Each structure stands twice: as C-alpha cells, then as structure tokens.
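Participant: The structure under discussion is supplied below as structure tokens; questions concerning it will follow.
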Amino acid sequence: MNRISNRNLLLILTYLLISSSALIGYIFMVAYRAHGYDPQIYNKGYLYFIIFQFMIFTMLVPLWDYGQITRYDSKGKFFRGYISMLVGSSLLSLASIPLILIIFMAGQLNGVNFVLPLIIQICWGTALLSLKQYLNMKDKMRNFTSFTLILFIFIVLILTLVFLYLYAQYGSLVVTTVYDNDFPNIFFINPLLTITGLLYTQIGGTNYLGEAPIITSILFSLFITIASFTLTIKSIPSKAGGIKHGKTSSRPDAEEA
4 MNRISNRNLL
14 LILTYLLISS
24 SALIGYIFMV
34 AYRAHGYDPQ
44 IYNKGYLYFI
54 IFQFMIFTML
64 VPLWDYGQIT
74 RYDSKGKFFR
84 GYISMLVGSS
94 LLSLASIPLI
104 LIIFMAGQLN
114 GVNFVLPLII
124 QICWGTALLS
134 LKQYLNMKDK
144 MRNFTSFTLI
154 LFIFIVLILT
164 LVFLYLYAQY
174 GSLVVTTVYD
184 NDFPNIFFIN
194 PLLTITGLLY
204 TQIGGTNYLG
214 EAPIITSILF
224 SLFITIASFT
234 LTIKSIPSKA
244 GGIKHGKTSS
254 RPDAEEA
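Put into structure tokens, the structure is as follows:
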C-alpha cells in the first residue's frame with residue numbers, strides 16, 4: 004500500500020474511531036435507558052449523531068490526498084484528480100453507514116432516510132476538495148489555502164446560522180421548525196442546517212418548505228465544485244510541458260536537467 008493510500012486509510016480510521024466514540028455514548032446514554040423505549044429520544048439521539056459526524060467529516064475531508072494537480076500536469080490527470088475527489092468524499096461519507104445501521108437497529112428507527120444526508124455530505128466534501136485544488140493552483144493563494152478553507156467553512160456553517168438567528172430576532176419571528184416558511188432559501192446553502200432540518204422533519208417536525216432546502220444545499224455545493232473546476236482547468240496549459248502563448252513551458256525540475 005503506497006503512501007497516499009496509507010494517509011487516506013488513516014483518515015477513514017480516524018473518522019470511524021471518533022464516530023464510534025459518539026456511537027458508544029449513544030448506546031449507553033440513549034439506547035440503554037432505564038425508563039424504557041421512547042422513540043423521540045432515540046430519534047433525537049440519531050439526529051445529534053449525524054450532526055456530530057458531519058462536523059468531523061468537514062474537518063477531515065480537506066486532508067484527503069487525491070494527488071494534487073499542478074499546472075504542468077496533463078488534463079487527463081486533472082480529470083482523474085477530480086474523480087478521485089468525488090471518490091474520496093464518498094468513501095469517507097459511506098464509511099459511517101455501519102454505525103448508522105447500528106443506531107437504526109438499537110433505536111428501531113422507522114421512516115428515517117439516511118441516504119439524503121449522505122448525498123448532501125458527499126456534495127459538500129467534493130466542493131471543499133475542489134476549492135482546495137483551485138487555491139493550490141494559484142501561486143498567490145497557495146500559502147493561504149488552509150486559512151481560506153477554514154474561513155469558507157466558518158462563513159457557510161457558522162456565520163449563516165448567526166445571520167439566521169439575527170434575521171429571526173429582527174423580524175420577531177415565531178419559529179416552530181427548521182424548515183420554516185419565514186426562512187429564505189439562501190440560508191440553506193448551509194449543509195449543516197439543511198441536514199438538521201431534514202432529519203428533524205423525518206422524526207416528526209413540520210416542513211413548510213418541501214424539498215427546496217435540500218435542492219438549494221446540493222446546488223450550492225455543485226456550484227462551488229463546477230466553478231472551482233472551471234477556474235482550475237483554465238490554469239492548465241493546453242499541452243503540459245508544451246507551448247503556451249508562444250513560449251515553451253516546462254516543469255521546474257526539467258530546467259535543471
């Protein structure tokens with residue numbers, strides 16, 4: 004197994020280890036309660052688990068090693084790199100399925116769709132990796148890639164929630180559900196808010212917005228992915244190591260040779 008595979012395997016194991024710790028807490032504090040079976044408590048425990056593992060996923064997925072592309076690489080390698088981003092985001096997300104199934108069996112959950120939250124999570128992870136790749140292609144931004152990614156995640160996941168809270172306070176809104184019809188769809192570019200609202204709806208909460216929040220969240224992640232893809236591919240010469248703008252482009256190590 005090569006170095007890249009070992010690094011990604013370590014990420015998956017770390018993700019599973021942390022998520023398993025949360026699962027153990029779920030089992031002992033929720034599933035084995037002395038007061039008997041209460042579906043609402045089991046459902047809420049599942050909701051908190053999904054939120055927790057989504058946050059862990061968001062912290063780990065930017066570390067996925069997909070084989071970074073340089074401007075000297077061929078477009079074939081570029082496309083393979085983006086496929087690797089999608090595969091990596093999917094593998095890291097789907098790794099939690101056995102843990103989710105354990106919660107389903109322990110809590111006897113019915114009517115809860117765990118597939119949609121995973122799809123939202125995969126799209127979000129691919130968007131983060133795509134943005135990371137674009138930042139690494141820009142010489143002026145390469146040294147600030149980690150900072151920019153953290154800032155982007157903070158704005159989308161945290162700052163949108165702060166603005167939503169201020170929006171509700173300023174409008175004196177009486178909020179009874181996450182998918183409230185007084186909330187503009189723009190706030191659901193936040194995948195964390197979207198997943199929370201989706202699961203809350205599935206465990207008995209009210210939904211006044213239908214599928215619009217899910218569509219908004221997925222489209223936002225796709226927009227970031229496609230925009231990063233387009234800007235990155237424009238940074239790659241038409242022929243790697245070939246002629247660009249009438250001058251010969253070569254790899255830095257080729258110059259020394």
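In terms of the working numbering, the sequence shown opens at residue 4 and continues consecutively.
Positions of the beta carbon are idealized from the N, C-alpha and C atoms, including for glycine.
The structure displayed is predicted, hence computed values, not measured ones.
Report yes or no: do the stretch 7-23 and the stretch 54-61 share at least 3 C-beta pairs separated by less than 8 Å?
Facilitator: The answer is yes - the stretch 54-61 touches the stretch 7-23, with three or more Cβ pairs under 8 Å.
Participant: Pull up the DSSP beta-bridge partners for N146, would you.
Facilitator: For this step, residue 146 is matched to residue 143 along the sequence shown. Paired residue(s): none; N146 is not in a bridge.
Participant: Do you know how far the Cα of G208 is from the Cα of V177?
Facilitator: Position 174 of the sequence shown, counted from the start, is the residue given in the question as residue 177. Position 205 of the sequence shown, counted from the start, is the residue given in the question as residue 208. In a straight line, the C-alpha of V177 is about 15 Å away from that of G208.
Participant: Buried or exposed for Y168, going by 16 or more other Cβ atoms inside 10 Å?
Facilitator: Counted from its first residue, the sequence shown places residue 168 at position 165. By the neighbour-count rule (16 or more Cβ atoms within 10 Å), Y168 is not buried but exposed.
Participant: Answer with buried or exposed for I189, where buried requires no fewer than 16 other C-beta atoms within 10 angstroms of its C-beta.
Facilitator: Working through the sequence shown from its first residue, we reach residue 189 at position 186. Label assigned to I189: exposed.
Participant: Using CA coordinates, which residue listed in T197, L26, T148 and T235 is at the minimum distance from L104?
Facilitator: One-based indexing of the sequence shown puts residue 104 at position 101. Measuring from the Cα of L104, the nearest candidate turns out to be L26.
Participant: Using CA atoms only, rank isn't needed, just tell me which of T180, F226, P194 and T73 is closest to L119.
Facilitator: Against the sequence shown, residue 119 aligns to sequence position 116. Closest option to L119, Cα to Cα, is P194.
Participant: If we call anything under 7 Å between Cβ atoms a contact, is F52 one with Y69?
Facilitator: On the sequence shown, position 49 is the one that residue 52 refers to. On the sequence shown, position 66 is the one that residue 69 refers to. Cβ atoms of F52 and Y69: not closer than 7 Å.
Participant: Run the CB neighbour count on R10, radius 10 Å, all protein chains shown included, and call it buried at 16 or more, exposed below.
Facilitator: The residue given as residue 10 occupies position 7 in the sequence shown. Answer is exposed; the Cβ neighbour count stays below 16.
Participant: Nearest by alpha-carbon distance to I100: which of L121, L112 and I86 is it?
Facilitator: Numbered from its first residue, the sequence shown carries residue 100 at position 97. Out of L121, L112 and I86, L121 has the C-alpha closest to the C-alpha of I100.
Participant: By Cβ distance, which residues of its chain are closer than 7 Å to F232, with the 5 residues on each side in sequence left out?
Facilitator: Here residue 232 refers to the residue found at position 229 of the sequence shown. Result list for F232: Y85 and S133, in chain order.
Participant: Could you give the residue range of the alpha helix (DSSP H) that holds S220?
Facilitator: Taking the sequence shown and counting its residues from 1, the one referred to as residue 220 is at position 217. Note, S220: alpha helix (DSSP H), A215 to K237.
Participant: Which residue from T197, K237 and T204 puts its Cα closest to that of S224?
Facilitator: As a working mapping, residue 224 is identified with position 221 in the sequence shown. When only C-alpha atoms are compared, the closest one is T197.
Participant: What are the start and end residues of the alpha helix (DSSP H) that includes M108?
Facilitator: As a first step, residue 108 must be located in the sequence shown, where it is residue number 105. Element bounds for M108: I100 to G110.
Participant: In three-state DSSP terms, what is Y211?
Facilitator: Counting from 1 along the sequence shown, the entry for residue 211 is found at position 208. Reduced to three states, the DSSP call for Y211 is coil.
Participant: Helix, strand or coil: which one does DSSP assign to Y69?
Facilitator: In the sequence shown, the residue the question calls residue 69 occupies position 66. Coil, per DSSP.
Participant: Considering only their Cβ atoms, is the gap separating L66 from Y137 smaller than 7 Å?
Facilitator: In the sequence shown, the residue the question calls residue 137 occupies position 134. In the sequence shown, the residue the question calls residue 66 occupies position 63. No, these two residues do not count as a Cβ contact at 7 Å.
Participant: Comparing alpha-carbon positions, which option in N210, L14 and G213 lies nearest S93?
Facilitator: Position 90 of the sequence shown holds residue 93. Considering only alpha carbons, the answer is L14.
Participant: Do you know how far the Cα of F82 is from the Cα of I123?
Facilitator: Locating residue 123 in the sequence shown gives position 120, counting from the first residue. Locating residue 82 in the sequence shown gives position 79, counting from the first residue. Taking the straight line from one Cα to the other gives about 22 Å.
Participant: Which one of L202, T179, P42 and F155 has the shortest CA to CA distance from W127?
Facilitator: Position 124 of the sequence shown, counted from the start, is the residue given in the question as residue 127. For the residues L202, T179, P42 and F155, the minimum Cα distance to W127 belongs to F155.
Participant: So, is Q205 buried or exposed, given that buried needs 16 or more other C-beta atoms within 10 angstroms?
Facilitator: For the purposes of this step, residue 205 is identified with residue 202 of the sequence shown, where counting begins at 1. When all chains shown are included, Q205 counts as buried.
Participant: Do you know how far the Cα of M140 is from the Cα of N113?
Facilitator: Stepping through the sequence shown from its first residue, residue 113 is reached at position 110. Stepping through the sequence shown from its first residue, residue 140 is reached at position 137. Roughly 46 Å between the two C-alpha positions.
Participant: Could you check if N46 is buried or exposed, using at least 16 other CB atoms within 10 Å of its CB as the buried criterion?
Facilitator: Against the sequence shown, residue 46 aligns to sequence position 43. Buried, since its Cβ has 16 or more Cβ neighbours within 10 Å.
Participant: Look at the Cβ atom of I106, then the Cβ atom of Y49, and state whether they are nearer than 7 Å.
Facilitator: Position 103 of the sequence shown, counting from 1, holds the residue named residue 106. Position 46 of the sequence shown, counting from 1, holds the residue named residue 49. The answer is yes: Cβ separation under 7 Å.
Participant: Assign G245 to buried or exposed, taking buried as 16 or more other Cβ atoms, counted over all protein chains shown, within 10 Å of its Cβ.
Facilitator: Here residue 245 is taken as the residue at index 242 of the sequence shown, counted from 1. Model confidence at G245 stands at a pLDDT of 37, short of 50, so the residue's coordinates are unreliable; what they give is reported in the following sentence. By the neighbour-count rule (16 or more Cβ atoms within 10 Å), G245 is not buried but exposed.
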